[in-house]
Amino acid sequence: MKQDNNIIIMKNINKRYQMGDNEVIALENVSLEVGAGEFVAILGPSGSGKSTLMNIMGCIDTADSGEYFLAGENVADLDDDQLALIRNREVGFIFQQFNLLPRYRAIQNVELPLLLRGMPRDQAREIAEQVMGQVGLKDRADHKPSELSGGQQQRVAIARAMVGNPSILLADEPTGNLDTRSGQEIMGMMKELNSQGHTVILITHDLEVARMAKRVIRMLDGKINMEESYELPAAGSGR
Ligand SMILES: Nc1ncnc2c1ncn2[C@@H]1O[C@H](COP(=O)(O)OP(=O)(O)O)[C@@H](O)[C@H]1O
Ligand SMILES: [Mg+2]
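Under our numbering, think of the first position of the sequence shown as -13, with each following residue one higher.
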């Protein structure tokens, strides 16, 4: 039951959190579509619902109401095993805090998603080494995360996100903990992944970062506020 060329379709998504007696509206009637192969930024201030939206997109969390189609599947129709499968197949995540496993060496972090899929060790190691090369870290494969710079840790995280060749990369403030130069490197890698055909969804509170995307969706107070498209990136295009 494929729904045309949109890899993400959300219709009237709502999400609330109960905090004691208070109800927090995190998302209110959010509707959006993302075409396969797009590079979209979701821009909004802290607390506007960006991470909640990303968690629902990535099937880490579910909406209270509304419809969500991911790669043509109505997420509400899937059981937990099917959700895990579609998440594993379609989505790679990167986070502001990198979220690498600290006791594992870089290469072990990268091969883990493949091992969890049941891939034989030798084959997983071979693919992980290849992807470590693609992010320019072949010579850092045996380092623990604490022995790497922030920019290098985020590159390991990108390698881990992409090792299974997912169609979508979801990035939640990926440059938030990085210096300007490392941040630009990471943005360059995401652009490169997009040009290879991956859909990239970049979450940020930083307009300059958002401008690197071809399309910007603004959020405020759990709602989509305004949408704008840039024909060409307005900043950071000096590559
Ligand atoms: N687990 C949670 N429990 C209660 N409230 C939450 C939870 N997660 C997020 N919120 C609230 O929902 C709103 C949106 O949060 P979030 O999606 O994290 O925004 P952003 O990523 O844009 O900063 C905020 O008001 C936040 O405090
Ligand atoms: Mg957030």
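Using N, Cα and C, we set each Cβ at its ideal position, and we do this for glycine too.
### Query
If you measure from each residue's Cβ to the nearest non-hydrogen atom of ligand 1, which ones come out under 6 Å, in chain order?
Ordered along the chain, the selected set is Y3, M5, V10, A12, G30, S32, G33, S34, G35, K36, S37 and T38.
### Sequence-distant residues of its chain with Cβ nearer than 8 Å to G224 (five each side left out)
Counting from one through the sequence shown, the residue named residue 224 turns up at place 238. At G224 the pLDDT is 47, less than 50, meaning the model places this residue with poor confidence; the figure from the coordinates comes in the next sentence. Answer for G224: no residue qualifies.
### Message
So for I42, helix, strand or coil by DSSP?
### Response
By 1-based counting over the sequence shown, the position of residue 42 is 56. DSSP places I42 in helix when its eight states are reduced to three.
### Query
Under three-state DSSP, which class holds D158?
Counting from 1 along the sequence shown, the entry for residue 158 is found at position 172. D158: strand per DSSP, three-state reduction.
### Message
Under DSSP, the alpha helix (DSSP H) around Q138 begins and ends at which residues?
### Response
Counted from its first residue, the sequence shown places residue 138 at position 152. First-last of the alpha helix (DSSP H) with Q138: G136 to M148.
### Query
With T185 and G78 assumed to form a contact (beta carbons below 8 Å), what rounded beta-carbon distance in angstroms separates them?
In the sequence shown, counting from the first residue as 1, residue 185 sits at position 199. In the sequence shown, counting from the first residue as 1, residue 78 sits at position 92. Not a contact, Cβ separation roughly 10 Å.
### Task
List the endpoints of the continuous alpha helix (DSSP H) containing K130.
Residue numbering aside, residue 130 sits at position 144 when the sequence shown is read from its first letter. Taken as a continuous stretch (DSSP letters only), K130 belongs to no alpha helix (DSSP H), as it is neither H nor E.
### Query
Are S34 and D192 close, meaning C-beta to C-beta below 8 Å?
As a first step, residue 34 must be located in the sequence shown, where it is residue number 48. As a first step, residue 192 must be located in the sequence shown, where it is residue number 206. Not closer than 8 Å, so no.
### Task
Taking only heavy atoms of ligand 2 into account, decide whether any of them is closer than 7 Å to the Cβ of D47.
Taking the first residue of the sequence shown as position 1, residue 47 is located at position 61. In this structure, D47 has its beta carbon at no less than 7 Å from each heavy atom of ligand 2.
### Option nearest N(-9) by Cα separation, candidates N0, M105, M40 and G58
Here residue -9 refers to the residue found at position 5 when the sequence shown is read from its first residue. Minimum Cα distance to N(-9) is reached at G58.
### Task
Use the C-beta contact count for G21: other C-beta atoms within 10 angstroms, 16 or more gives buried, fewer gives exposed.
Indexing the sequence shown from 1 puts residue 21 at position 35. G21 should be labelled exposed.
#### Entry: N- and C-terminal bounds of the alpha helix (DSSP H) containing L100
By 1-based counting over the sequence shown, the position of residue 100 is 114. Run containing L100: A92 to L102, per the alpha helix (DSSP H) assignment.
### Query
CB M5 to CB Y54, shorter than 8 Å?
The residue labelled residue 5 in the question sits at position 19 within the sequence shown. The residue labelled residue 54 in the question sits at position 68 within the sequence shown. Not in contact: M5 and Y54 (Cβ atoms no closer than 8 Å).
### Message
Can you tell me whether Q(-11) is buried or exposed? The criterion is at least 16 other CB atoms within 10 Å of its CB, across all chains shown.
### Response
Locating residue -11 in the sequence shown gives position 3, where the first residue counts as 1. Its pLDDT being 45, under 50, Q(-11) is placed unreliably in this model, and the value from its coordinates should be taken loosely. Exposure of Q(-11) is indicated by the presence of fewer than 16 other C-beta atoms within 10 angstroms of its C-beta.
### Query
Does the beta carbon of D158 fall short of 7 Å from some heavy atom of ligand 2?
The residue you call residue 158 lines up with position 172 of the sequence shown. Yes - ligand 2 has a heavy atom lying nearer than 7 Å to the Cβ of D158.
### Query
Considering only residues of the same chain and omitting the five flanking positions on each side of G52, which have a CB-CB separation below 6 Å?
For the purposes of this step, residue 52 is identified with residue 66 of the sequence shown, where counting begins at 1. Once the five neighbours on either side are set aside, the close Cβ partners of G52 are K(-3), N(-2), I(-1) and N0.
### Message
Let me confirm a value: D7 is counted as buried when at least 16 other C-beta atoms fall within 10 Å, else exposed. Which label applies?
### Response
Residue mapping note: residue 7 aligns to position 21 of the sequence shown, counting from 1. Exposed, because fewer than 16 other Cβ atoms sit within 10 Å of the Cβ of D7.
### Task
Note down, in chain order, each residue of its chain lying with its Cβ closer than 6 Å to the Cβ of I42, except the 5 sequence neighbours on either side.
Working through the sequence shown from its first residue, we reach residue 42 at position 56. These residues qualify, in order along the chain: A49.
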